[in-house]
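In our numbering, the protein residues as written are 35 to 1066.
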């Protein structure tokens, strides 16, 4: 019976039912959409994180550069021993290589319970003086025995005895025996398996599950001038050994002409220019033992972008891109058969070690299609692959697991992103609950008389609560079913179905369930609570009241207390620098740490600010000027003022909700603009301007600093040259010295095109410091960190070694005139800054590494047009052009690249829809609650147009008040949202107010009010006196 009655009531009042269902489906839809959005973006973070990696893993061999040497150990007897038993230990050090092993040290430490027998040590049958202690583990450090040099093709036999002090089982593993030599610094265990060759190791790794390629790579640094044709190159040389398969997997290795052939060589474009050679010519490479390789040039290659080849493997500057212009590439077999033996001979024949032994590694690619979309699962997969890779002859090398390091950061960033998205979605959920409560308020108000009639006819409180529960259940069930579909559809519309389908099915199902439950709890709970509060009141008392009672939040001053709490919390956060957070670092394996708990502040400011605005609006309404005798001549104005004063808190309710809608839309619009502005500013800071143009070394044209004007084309206002390199100079103070990254440029032109920040200069502004070096050719700016290392101060004289390692190497004296913290345009960092003219005066052959160019405006169209103009130049195809749209700092958090704008579109879109529904509920609520009043006015001769004007005036008053409150509160909310996400960016995000977007937000609410009033017009026209006999 209850069900049929409730169902009939819902069907009989479709407008009232639909308005209530709309609130529920919007709440469920928003909750599900946010969770679906999070699933989709989290699932895409795996591919986004690993996309920039050229090499996923690097298996770097630590096996020594020396001949085939090995230490074997045997014991007799092996097995059980009793106290007092003697065990003979025999070790044989064999050198089967072609070069001697120098300064061989053999160490053997017996296990506990085994004691060295004095005077038992022998070398090739001759006694070894032991001083009554084990010569293979002597002193506090348990140093081994130095047996000197072991010639090629010979062996040394070492023996000693131990006595057992306990009953035990003895084996060779009870003796920690190792050897090392001058050439083999790291100790090598006795009885170690023979090391696999680089090719053998690559072949075994290639067969592992999840590995898509495993290619050998070897390289070594040679002396300046080691590469020659008719004349040697000027500067250091690096020789690489890898095959064509490696080149195919690394797109940053660009063959400008020719091809890669076995037994021949490719040389860098810089070396080809310096030597004046091309494909088919011959070059010679002088190796460390003074032997030479005569090689035919099969190709010219551009390696300026090949980070996998030039990224440092040293711990002090790991992954720093240290480019060597003069490079020669041979195949792996040539490197192993000719280059490696030369280093072995040099290491064993000289009086000191080779300072830079060759690096040999296996560069490994993971099959990324097999990786799970969720970063945490993908990380477990790559760690499993890494463990399998390490298990292949793992005793002879170490693994650089680039992909797992990246996914570790991505996993933590994904967790932060999920929490951040949920926090950003909380206001939408609160708004949905508020809308549902308001809809319930209007619904319950319209049902008061009907419920009073039911009570008169015998319905108890329990009966009314049962019908309320059924009504709410039906409304929420329909709203939830439609809301889930709506949430999925809107999420697909924002991020695309392909992105969303990357998420696991279980994640999507979980999100659907959680979103539905959250939406139902928020909206259904609000509906039920509002309805129950009306049932619990004395209905007759409520009917007798003419003036609406102020809400509880106003009576208890919750808005004032909430606003005060937010103000105090904000002051504490500012004083404690709580907004700063911890920036993320892919290099350091550290995820960004956002102070997400502080997102409670914008939510608190949002609620408290809206309520405070509602209090002010209510005060204005209750102080409307009293009517006068003259007012009776203007009935519309009189009725408008009376209605505002009599139903002030009904208007305040809708104004607060609209204010919350507009505040949320305003804050999200400002946050989106500021977020996009911060990303654009960071990208421009990374590039150094709008464009970074790097001439290819393979180009026939050689660009000099004076050629900057060649890049000033349509859409480009200015261009300036920059000479730069990593570790390209040595700075010397009176106390110490250090290698540094020097940038030489035109200071004032750089100031024109680069996004300089005065806060990055401790003393004076950016222009002031750049003017100092512009006016003084012997002046230099140094980074704060470098100055601290050099123990130098402003005014000190520094000696700068330029063109280090080349024939033009020279040292000049410069005056330290200022300090800086960071400079735009140098992702690998700049340690010093000087005039480009001074640099060219000291090093005439110096050429710019790149040019920075500024477009005529900030539009994307102008930027694209400028790039097209540059590409259309005669040498444009060879230019390496990086723009602010394609750049992302290599160490920046992956969160900075997230589609936060998409989430904000969801939030703002649903919020505006809720605002429209709020206005509709208010207008149609007026018709429901004040039907008798409007019918009476019609009966007394008032025209329908006047009644429509009265309804419109009230709706627009509430909308205008809500807009004013929302704009002010939204400006404050945006401040919190922007500052909470500050650690995502290199530069502090700006506070940008997009007036066009704000106009859209306010205009949408006002337009909804006008449309709803227009829709209500037809209902007003149908009002009849017979309606007085029917109470809905």
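Here a beta-carbon is modelled for each residue, glycine too, at the ideal position from N, C-alpha and C.
Suppose contacts are defined by Cβ-Cβ distances below 8 angstroms. Is residue 382 in contact with residue 212 by that definition?
The answer is no: Cβ separation not under 8 angstroms.
Since I believe residue 528 is in contact with residue 956 (beta carbons under 8 angstroms), could you give me their beta-carbon distance rounded to a whole number of angstroms?
With 8 angstroms as the limit, residue 956 and residue 528 do not qualify as a contact, their Cβ atoms being about 29 angstroms apart.
Any idea what DSSP makes of residue 736, helix, strand or coil?
coil
For residue 919, which of helix, strand or coil comes out of DSSP?
coil
Based on Cα-Cα distance, which residue from 251, 252, 271 lies nearest to residue 259?
Ranking 251, 252, 271 by Cα distance to residue 259 puts 271 first.
Beta carbon of residue 1049, beta carbon of residue 692: below 8 angstroms?
No, the Cβ-Cβ distance between residue 1049 and residue 692 is not below 8 angstroms.
Does the distance from the CB of residue 795 to the CB of residue 854 come in under 8 angstroms?
Against a cut-off of 8 angstroms, the Cβ pair of residue 854 and residue 795 comes out as a contact.
Might you give, ordered along the chain, the residues of its own chain that have their beta carbon closer than 7 angstroms to the beta carbon of residue 437, omitting 5 neighbours on each side?
84, 87, 90, 91, 400, 416
Rounded to the nearest angstrom, how far is the Cβ of residue 697 from that of residue 1003, given a contact under 8 angstroms?
Between residue 697 and residue 1003 a beta carbon distance of about 4 angstroms is seen, short of the 8 angstroms cut, so the two are scored as contacting.
Taking the CB atoms as reference points, tell me whether residue 558 and residue 63 lie closer together than 8 angstroms.
no
Ignore the nearest five residues each way along the sequence and tell me which others in residue 110's own chain have a CB closer than 6 angstroms to its CB.
122
Is the CB-CB distance between residue 816 and residue 800 below 8 angstroms?
Using a Cβ distance threshold of 8 angstroms, residue 816 and residue 800 do not count as a contacting pair.
Distance check for residue 65 and residue 59, CA to CA, integer angstroms please.
10 angstroms
Using 8 angstroms as the threshold, is the region 273-281 in touch with the region 307-317, meaning 3 or more CB pairs across them?
Taking 8 angstroms as the limit for Cβ pairs, the verdict is that the region 307-317 does not touch the region 273-281.
Can you tell me where the alpha helix (DSSP H) with residue 690 in it begins and where it stops?
From DSSP, the alpha helix (DSSP H) with residue 690 extends over 682-721.
Can you tell me whether residue 802 is buried or exposed? The criterion is at least 16 other CB atoms within 10 Å of its CB, across all chains shown.
exposed
What does a CB cutoff of less than 7 angstroms around residue 199 pick up in its chain, not counting 5 residues either side in sequence?
117, 147, 149
Could you check the C-alpha separation between residue 752 and residue 743 for me, to the nearest Å?
Taking C-alpha positions only, residue 752 is separated from residue 743 by approximately 8 angstroms.
Kindly list the residues whose CB is nearer than 6 angstroms to the CB of residue 103, restricted to its own chain and excluding five residues on each side of it in sequence; keep chain order.
Excluding sequence neighbours, residue 103 sits near 129, 135.
Determine the DSSP secondary structure at residue 220, reduced to helix, strand or coil.
coil
To the nearest angstrom, report how far apart residue 524 and residue 462 are at their CA atoms.
15 angstroms
With three or more beta-carbon pairs closer than 8 angstroms as the criterion, would you say the region 1039-1048 touches the region 710-721?
no
On the DSSP bridge assignment, give the partners of residue 726 in chain order.
886, 916
Confirm, please, whether the CB-CB distance from residue 765 to residue 824 is below 8 angstroms.
yes
Since residue 873 and residue 757 are thought to touch, with beta carbons under 8 angstroms apart, how far apart are those beta carbons, to the nearest angstrom?
6 angstroms
Look up residue 363 in the DSSP assignment and give the residues it is bridged to.
274, 300
Given residue 339, which residues of its chain have a CB within under 6 angstroms of its CB, disregarding the five upstream and five downstream residues?
Excluding sequence neighbours, residue 339 sits near 286.
Does the structure place the region 631-638 close enough to the region 1008-1017 that three or more beta carbon pairs sit under 8 angstroms?
yes
DSSP on residue 194, reduced to helix/strand/coil?
In this structure, residue 194 counts as strand in the three-state DSSP scheme.
Give the DSSP-derived three-state secondary structure of residue 447 in the structure shown.
helix
Got a sec? Which residues, its chain only, sit under 6 angstroms from residue 851 by beta carbon, not counting five neighbours each side?
806, 813
Quick check: what's the CA-CA separation for residue 502 versus residue 612?
46 angstroms
Using only alpha-carbon positions, find the residue among 877, 645, 944, 170 that is nearest to residue 838.
877
For a test of the three-state rule: what should DSSP assign to residue 856, helix, strand or coil?
Coil at residue 856, not helix or strand.
By the 10 Å Cβ neighbour count, where 16 or more other Cβ atoms means buried, how is residue 318 classified, buried or exposed?
Exposed, because fewer than 16 other Cβ atoms sit within 10 Å of the Cβ of residue 318.
Taking only the alpha-carbon atoms, compute the straight-line gap between residue 45 and residue 472 and give it to the nearest angstrom.
21 angstroms
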